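S.K.:
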Amino acid sequence: MLQVQVLRSHTAEVKQKLAKKQFKQPELVDLIISLDDERKRLQNEFDQTQAKVNAASKEIGKLMAQGNKEAAEATKLDVAGWKAALEPLKEQMVKVEEELQAKLVLLPNLPADAVPEGKTPEENVVVREGGQKPALYAGAVPHWDLIKQYDLVDFETGAKITGSGFPLYKGKGAKLQRALIGYFLDYNTAAGYTEYIPPYLVNEASAFATGQLPDKEGQMYHATADNFFLIPTAEVPVTNIYRDTIVKESELPIKMTAYTPCFRREAGSFGKEVRGLNRVHQFDKVEIIQLVKPDASYAVLDEMVLHVENLLKALQLPYRILRLCGGDMGFTSAITYDFEVFSAAQERWLEVSSVSNFESYQTNRMKCRYKDENGKTQLTHSLNGSSLALPRIVACLLENFQTAEGIELPEVLRPYFGGTTIN
RNA sequence: GGUGAGGUGGAUGAGCGGCUGAAAUCAGUAGUUUGCUAAACUGCCGUACGGGUUACUCUGUACCGCGGGUUCGAAUCCCGCCCUCACCGCCA
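Each step along the first sequence adds one to the number in numbering that gives the first Met the number 0, with nothing skipped, and position 175 is 174.
1) Could you pull the DSSP bridge partners for Thr335 from this structure?
2) In whole angstroms, what is the alpha-carbon distance linking His221 and Trp81?
3) So, with DSSP's three-state summary, where would you put Pro197?
4) So, is Gly157 buried or exposed, given that buried needs 16 or more other C-beta atoms within 10 angstroms?
5) Just to confirm the assignment: which complete alpha helix (DSSP H) runs, minimum length 4, are found wholly within the region 296 to 328?
6) Going by beta-carbon coordinates alone, are Lys102 and Ile146 separated by less than 8 Å?
7) Along the beta strand (DSSP E) that carries Lys370, what are the first and last residues, could you check?
8) Check each candidate in Glu372, Asn373, Leu349, Phe416 and name the one with the smallest Cα separation from His142.
9) Rounded to whole angstroms, what's the CA-CA distance from Ala83 to Leu41? Just pull it up for me.
10) From the DSSP output, in three-state form, read off Ala388 for me.
11) Would DSSP call Asn363 helix, strand or coil?
12) Taking 8 Å as the threshold (C-beta atoms), are Asn383 and Ser352 in contact?
13) Using only alpha-carbon positions, find the residue among Gln401, Ala50, Leu314 that is nearest to Leu412.
14) Pairing CB atoms from the region 239 to 251 with CB atoms from the region 364 to 381, are three or more of them under 8 Å?
15) Touching or not, the region 110 to 124 and the region 40 to 58, by the rule of three or more beta carbon pairs under 8 Å?
16) Suppose the cutoff is 8 Å on Cβ atoms and the five residues either side in sequence are ignored; what does the same chain contact list for Ile507 look like?
17) Can you find the residues in the same chain that come closer than 8 Å, C-beta to C-beta, to Gly436, ignoring five residues on each side of it along the sequence?
18) Using 8 Å as the threshold, is the region 11 to 19 in touch with the region 372 to 387, meaning 3 or more CB pairs across them?
19) Give me the Cβ distance between Gln361 and Thr193, rounded to the nearest whole Å; I'm assuming they're in contact under 8 Å.
20) Taking the alpha helix (DSSP H) that Met92 falls in, what are its first and last residues?
21) Using beta-carbon positions only, say whether Asp337 and Leu321 come within less than 8 Å of one another.
22) For Met92 and Ala204, what's the separation of their Cα atoms in angstroms?
23) Name the DSSP beta bridge partners of Met255, please?
24) In the DSSP output, what is Gly164 paired with across the bridge?
25) Would you report the Cα separation of Tyr297 and Asp112, rounded to the nearest angstrom?
26) With 16 other CB atoms within 10 Å as the buried threshold, where does Lys254 fall?
27) Closest to Gly172 by CA distance: which of Tyr318, Leu397, Lys75, Asp46 is it?
28) Compare the beta carbon distance of Asn422 and Tyr149 with 8 Å and say whether it is the shorter of the two.
29) Whole angstroms is fine: what's the gap from Leu229's alpha carbon to Glu250's?
30) State the DSSP-derived secondary structure class of Leu408, mapped to helix, strand or coil.
31) With respect to the beta strand (DSSP E) encompassing Gln377, which residues constitute its N-terminal and C-terminal limits?
32) So, with DSSP's three-state summary, where would you put Leu106?
33) Classify Gln24 as buried or exposed, calling it buried when 16 or more other Cβ atoms lie within 10 Å of its own Cβ.
34) Closest by CA to Leu85, which one among Gly418, Val140, Lys61, Ala50?
35) Per DSSP, what kind of secondary structure is Thr209 in: helix, strand or coil?
36) If I'm right that Ser386 touches Phe183 with Cβ under 8 Å, what's the distance once you round it to whole angstroms?
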């Protein structure tokens with residue numbers, strides 16, 4: 000979340016940036032500042048009264064030790080009076096603080112200057128394209144047909160076991176998943192990312208820290224008996240490794256990668272858009288995450304974009320990189336690049352990665368800080384990106400590399416797949 | 001799941017109603033000295049939110065797993081919860 004201090008010192012600028020993100024309640028900023036004023040006032044009054052109580056309590060101890068019982072009893076009466084005053088103060092303080100917090104989490108992150116103006120996905124800006132769109136042979140079909148033809152994924156049985164959107168990978172389909180995960184992780188660790196296998200369920204505090212709560216609970220599966228949430232992305236458990244920590248400056252940047260299944264309820268959409276592997280409730284993804292010094296975060300963002308781009312190049316997939324406009328960005332992000340690959344048989348661009356800089360928005364919630372060279376404690380910046388999400392990569396691989404004889408996998412995957420062709 | 005023990009600052013670990021925001025040791029850090037692939041000595045060394053100054057300093061409050069309670073006063077007593085460890089049970 001945003002820091003109240005920033006709202007205070009750059010009020011007009013904050014409102015202007017919120018508008019770029021299509022945020023419609025600029026008056027919240029003023030409300031938050033006035034709530035914070037009230038909070039300070041109450042705390043000041045509370046602290047001063049509490050200080051009197053503390054001083055008197057010490058005095059009582061001394062008087063008792065001297066055997067001056069009368070004076071001690073008299074002082075107790077004073078204390079009783081102050082304590083009576085403290086109670087309503089405390090109540091108000093808690094109330095104001097809760098309200099302040101409740102309002103503060105409603106403010107999305109501020110967009111970076113480089114973020115284009117715009118409301119809808121149509122206004123996203125294509126930064127660059129790469130790779131070659133393949134010329135498919137005459138018999139080419141969409142991936143859902145290929146999946147049937149080669150018996151790679153059994154959606155019907157997945158639906159029987161759980162529900163629609165829970166694919167059952169099978170045979171070479173399952174092996175391809177494993178190959179991709181292995182390749183992606185090796186690619187990431189070679190670039191200096193430390194591999195993790197995190198828990199796939201998280202508690203409320205973790206879901207809050209990365210911004211899934213309070214307002215995206217509808218997106219997550221909720222294990223109510225224990226109040227755990229199934230992770231929608233590895234970002235949640237992995238970023239939370241550093242919740243409530245102060246790291247040394249020398250430890251930065253912290254680079255982490257993890258494969259996890261991801262669970263998303265994705266309520267409300269259907270049809271061709273979600274056919275086959277285009278959109279599912281459970282999917283596999285390898286994520287990269289960095290915690291860095293604030294002044295480094297934009298260079299790191301570029302580095303991560305390049306990292307993902309090179310991965311797509313290695314897979315020989317036609318791709319394009321979009322800079323999302325203010326209205327299409329996520330709530331917690333300061334700037335986001337989406338990566339799309341061209342699924343040749345569907346003739347559609349499919350999103351396979353999203354790389355974002357969150358600046359200090361997540362780390363402020365998480366209380367992830369570092370000590371700078373002056374010994375001052377500062378928030379780190381956090382970034383993450385998919386490297387990569389599997390289902391749409393699979394869809395694209397199947398469609399783009401199909402031949403009459405089978406699917407000829409790109410070079411880099413062959414050692415992991417243990418073969419060259421799906422047939 | 002059952003039983004028992006325990007959760008104190010970066011680590012180990014003392015304190016078990018007021019002198020404790022917290023001993024000691026280690027680690028860290030700044031310096032002094034001797035000198036050499038290091039040792040000795042000295043200082044500093046938690047976080048958050050305030051006040052005041054806004055440069056350093058100064059000052060208030062809160063925090064000893066979390067939340068409540070008792071008390072003039074709680075790390076210290078009581079209750080609930082969470083977590084860790086050990087043993088048993090069950091199990092991939």
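Virtual Cβ for every residue (Gly too), placed ideally from N, Cα, C.
This structure is a prediction, so every number in the text was calculated from the model and none was measured.
M.R.: According to the structure shown:
1) In the first sequence, residue 335 corresponds to position 336, counting from 1. DSSP, once it has assigned bridges, lists Ser355 as partnering Thr335.
2) In the first sequence, counting from the first residue as 1, residue 221 sits at position 222. In the first sequence, counting from the first residue as 1, residue 81 sits at position 82. Going by the C-alpha atoms only, they are around 46 Å apart.
3) The residue you call residue 197 lines up with position 198 of the first sequence. Of the three classes helix, strand and coil, the one that applies to Pro197 here is coil, per DSSP.
4) Position 158 of the first sequence, counted from the start, is the residue given in the question as residue 157. Looking at its Cβ environment, which holds 16 or more other Cβ atoms inside 10 Å, Gly157 is buried.
5) 296 to 313
6) For this step, residue 102 is matched to residue 103 along the first sequence. For this step, residue 146 is matched to residue 147 along the first sequence. Result no, Cβ atoms of Lys102 and Ile146 do not sit closer than 8 Å.
7) In the first sequence, residue 370 corresponds to position 371, counting from 1. Segment 367 to 370, the beta strand (DSSP E) holding Lys370.
8) Counting from 1 along the first sequence, the entry for residue 142 is found at position 143. When each option's Cα is compared against that of His142, the closest is Leu349.
9) Position 84 of the first sequence, counting from 1, holds the residue named residue 83. Position 42 of the first sequence, counting from 1, holds the residue named residue 41. C-alpha separation (whole angstroms): 15 Å.
10) As a working note, residue 388 is residue 389 in the first sequence. Here Ala388 sits in strand by DSSP.
11) As a working mapping, residue 363 is identified with position 364 in the first sequence. Asn363: helix per DSSP, three-state reduction.
12) By 1-based counting over the first sequence, the position of residue 352 is 353. By 1-based counting over the first sequence, the position of residue 383 is 384. No, the Cβ-Cβ distance between Ser352 and Asn383 is not below 8 Å.
13) Position 413 of the first sequence, counted from the first residue, corresponds to residue 412. Nearest C-alpha to Leu412: Leu314.
14) yes
15) no
16) This structure cannot speak to residue 507, because the chain is shown only from 0 to 422.
17) This structure leaves residue 436 out entirely; the chain is present only between 0 and 422.
18) no
19) In the first sequence, counting from the first residue as 1, residue 361 sits at position 362. In the first sequence, counting from the first residue as 1, residue 193 sits at position 194. With a Cβ gap of about 19 Å, Gln361 and Thr193 do not count as contacting.
20) Mapped onto the first sequence, residue 92 falls at position 93. Segment 68 to 103, the alpha helix (DSSP H) holding Met92.
21) Working through the first sequence from its first residue, we reach residue 337 at position 338. Working through the first sequence from its first residue, we reach residue 321 at position 322. Result yes, Cβ atoms of Asp337 and Leu321 sit closer than 8 Å.
22) Against the first sequence, residue 92 aligns to sequence position 93. Against the first sequence, residue 204 aligns to sequence position 205. Rounded to whole angstroms, Met92 to Ala204 spans 22 Å at the Cα level.
23) Position 256 of the first sequence, counting from 1, holds the residue named residue 255. Partner(s): Thr193, Ile288.
24) Start at 1 with the first residue of the first sequence, and residue 164 comes out as number 165. Answer is none; Gly164 lacks a bridge partner.
25) Here residue 297 corresponds to residue number 298 of the first sequence, with the count starting at 1. Here residue 112 corresponds to residue number 113 of the first sequence, with the count starting at 1. The straight-line gap from Cα to Cα measures roughly 12 Å.
26) The residue you call residue 254 lines up with position 255 of the first sequence. It is buried - the Cβ of Lys254 has at least 16 other Cβ atoms within 10 Å.
27) Within the first sequence, numbered from 1, the residue matching residue 172 stands at position 173. Of the candidates Tyr318, Leu397, Lys75, Asp46, the one whose C-alpha sits nearest the C-alpha of Gly172 is Leu397.
28) As a first step, residue 422 is located in the first sequence; it is residue number 423 there, counting from the start. As a first step, residue 149 is located in the first sequence; it is residue number 150 there, counting from the start. Their beta carbons are under 8 Å apart, which means Asn422 touches Tyr149 by this criterion.
29) Here residue 229 refers to the residue found at position 230 of the first sequence. Here residue 250 refers to the residue found at position 251 of the first sequence. Whole-angstrom Cα-Cα distance: 30 Å.
30) Here residue 408 refers to the residue found at position 409 when the first sequence is read from its first residue. Leu408 falls in the coil class under three-state DSSP.
31) Your numbering for residue 377 matches position 378 in the first sequence. Where Gln377 is concerned, the enclosing beta strand (DSSP E) stretches over 376 to 378.
32) Walking along the first sequence from the start, residue 106 turns up at place 107. Residue state, collapsed to three classes: coil.
33) Your numbering for residue 24 matches position 25 in the first sequence. It counts as exposed.
34) As a position in the first sequence, residue 85 is number 86, starting the count at 1. Answer by Cα proximity: Ala50.
35) Walking along the first sequence from the start, residue 209 turns up at place 210. Three-state DSSP puts Thr209 in coil, outside helix and strand.
36) Translated into positions along the first sequence, residue 386 becomes position 387. Translated into positions along the first sequence, residue 183 becomes position 184. 6 Å between Cβ atoms; contact.
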